[in-house]
Structures are given as C-alpha cells and as structure tokens.
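J.:
Residue numbers (the working numbering): 2 to 278.
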C-alpha cells in the first residue's frame, strides 16, 4: 500500500500589525511649542518617542510621529521614530492619526494603531503594552482605559456596561448618586478616563466620514464621536497606582519633568540609559 502524503500544516493566523503613533503638533495653547522645549538637553518629543520605542519593541511594532512641523519631525526621527506629515488643520489627535493612516500606502497601514500623546513622556511602557494586548483580545473597533472609581473635579469620567464597553464620557462627574445608593461598589461601572487609545484599521478608514455630533461639540471629547455613531469602545481597567504619570500642559509640569530627568535624580525602573543608549 502506497504511503500517504501527509496533509500540509494548518497555516498560523497572521498576527495583527501593530504600530505606535504619536500625534504631535507644534502649536499649543497653555505652553507654547511645548514639544520642542528642552528637557535634559533634548526636546520633549524625543522623551515621548523614547518611551514609545520601549513599548513598541515588546510589541514588535514601529513608532511613528504624525506632525505638522519640520523641527518636531527632525527631533522625533533622531529619537528613532518614523515620520508622517499631516499639515492640514485637525480638530483632534484622532483626526490627525486618521489623516496619516489614509496618507500611507496600503502596505504600510497597520491593523491596530496605539496612540500615545506627544506630551505624555512618562507613560509606563508596560501600560501601553497592556492596552495593546487588551485591544487585541477585546476585538473592538476602539479601546481606551480607566481607573475605576470617582473622578476628581476637572478629570474626565467614563461609565461602562457589563462588558466594560463605554456608555458615555463626560467632563461632569459620573454617575450621579441617589441618596440611598451604596457608595462601596466592589467593581464600579465608572472611573477616571485615561487618555490612551487603540484604533482598528477599519475605524481609521471610516473616521474622516464621521461627522462630530452634538455631544462631542458640547463636551469637547473626541471619543464621543465614536459613541454617537454607534461604535463600541472597550475600556481596560487600570489600578489607581498604575497612573503616577502626568501630561506636560504647563510650565510647572515641564519643570517637574526636568527635575525627574535631572542627572542626580534616580532613573525610573522603566527608563533607559538616557542619551547614551
């Protein structure tokens, strides 16, 4: 009896192509040209790219800065990022990333884009990695994060359903409380929103056609555009202790960052060797 030819192996599903993108525009309101301000001898954007590169290395991803400024592009490229220019005005970082996604050739477009804000160089790389992996498992068009519990005044609140899909985001405190409600929920369905995002390719493809709705305009929160168009946003829960970082919005924030990266300041465990690395 002739030997049977073995069946070919089942192909392994192709892994999703993940990229970490950093929207970075030159103009800023409270701290002019903040991404070009020097911290430890390097522009602020270079520190953000460095943090992004650590996370990207673990994910097997590339890092790309999407900008409207040649000086920012030069600083980011020197720090190890790819560059895409989007010079037209964009209402939000999401609009800028969607424009960049459309500007790339089909072969260059990733399946998932992990969004790191250019003014958040202190985000722990492992938080970015966790969110990317959460988004892959959640299989939602968009993902973000929250710290469960009440948001403080001035912070953005989010409420979620039983599957941890976002129901609403607001600059007002959510949810309201009935006088008889138990305030000691073991797994609250609300929290403080953390502005990290992951976008699927299909969402980025559709985004330019999604018109801002009334809620987005009233709250000034770009993620509400997705909800107003019936798009799911999966929300990852972060422990309160996992957000020691802060964005660089003011001169005081910048000076805090300068103190953190000063030569006599101990390096964070997730920080690289610095400029000589």
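Where is the CB? At the ideal position from N, CA and C, for every residue including glycine. The model shown is predicted, which means the values in this text are computed figures rather than measured ones.
What is the residue span of the beta strand (DSSP E) that residue 251 lies within?
T.: Here residue 251 belongs to no beta strand (DSSP E), and DSSP marks it neither H nor E.
J.: Who are the Cβ neighbours of residue 153 in its own chain at under 8 Å, not counting the five residues just before and after it?
T.: Answer for residue 153: 193, listed in chain order.
J.: Give me, in chain order, the residues of the same chain whose beta-carbon lies closer than 6 Å to that of residue 76; leave out the 5 immediate sequence neighbours on both sides.
T.: Within the same chain, residue 76 has close Cβ partners 44, 46 and 47.
J.: Within a Cβ cutoff of 7 Å, which residues of the same chain sit near residue 17, ignoring the five residues on either side of it in sequence?
T.: Closer than 7 Å at the Cβ level, and outside the excluded window around residue 17, lie 112, 113 and 137.
J.: Closest to residue 1 by CA distance: which of 131, 42, 216 and 226 is it?
T.: A question about residue 1 goes unanswered here, because the residues of the chain that appear run from 2 up to 278.
J.: Am I right that residue 239 and residue 147 are in contact with their C-beta atoms under 8 Å? What's the rounded C-beta distance?
T.: 7 Å between Cβ atoms; contact.
J.: Mind checking who residue 155 pairs with in its DSSP beta bridge?
T.: DSSP output for residue 155 lists no bridge partner at all.
J.: Which ranges does the beta strand (DSSP E) cover as unbroken runs of at least 3 residues, wholly within the region 90–119, from first to last along the chain?
T.: Within the region 90–119, the complete beta strand (DSSP E) runs of at least 3 residues are 113–116.
J.: Could you check how far apart the C-beta atoms of residue 21 and residue 62 are, in whole angstroms? I think they sit under 8 Å.
T.: Their Cβ separation, rounded to whole angstroms, is 5 Å, which keeps residue 21 and residue 62 in contact under 8 Å.
J.: Following the continuous alpha helix (DSSP H) through residue 316, name the residue where it begins and the one where it ends.
T.: Because the chain is modelled from 2 through 278, residue 316 falls outside the range shown and cannot be assessed.
J.: How is residue 131 classed by DSSP in three states: helix, strand or coil?
T.: If DSSP states are grouped into helix, strand and coil, residue 131 belongs with the helices.
J.: Could you tell me if residue 1 is buried or exposed, where buried requires 16 or more neighbouring beta carbons within 10 angstroms of its beta carbon?
T.: Since the first residue of the chain shown is 2 and the last is 278, residue 1 is not available in this structure.
J.: In terms of alpha-carbon separation, which member of 60, 56 and 88 lies closest to residue 69?
T.: Ranking the options by Cα distance to residue 69, first place goes to 88.
J.: State the Cα-Cα distance for the pair residue 25 and residue 92, rounded to the nearest angstrom.
T.: Distance between the alpha carbons of residue 25 and residue 92: 13 Å.
J.: Which residues in the same chain have their Cβ closer than 6 Å to the Cβ of residue 94, if we skip the five residues on either side of it in sequence?
T.: Counting only Cβ-Cβ distances below 6 Å, and skipping sequence neighbours, we find 24.
J.: Determine the direct distance from the alpha carbon of residue 250 to that of residue 121, and round the result to whole angstroms.
T.: Cα-Cα distance, rounded: 9 Å.
J.: For residue 246, does the three-state DSSP call read helix, strand or coil?
T.: If DSSP states are grouped into helix, strand and coil, residue 246 belongs with coil.
J.: Is residue 124 helix, strand or coil when you go by DSSP?
T.: Note: residue 124 maps to coil in three-state DSSP.
J.: What residues in its chain sit with their C-beta under 8 Å from that of residue 253, if we drop five residues either side in the sequence?
T.: Result list for residue 253: empty, nothing under 8 Å.
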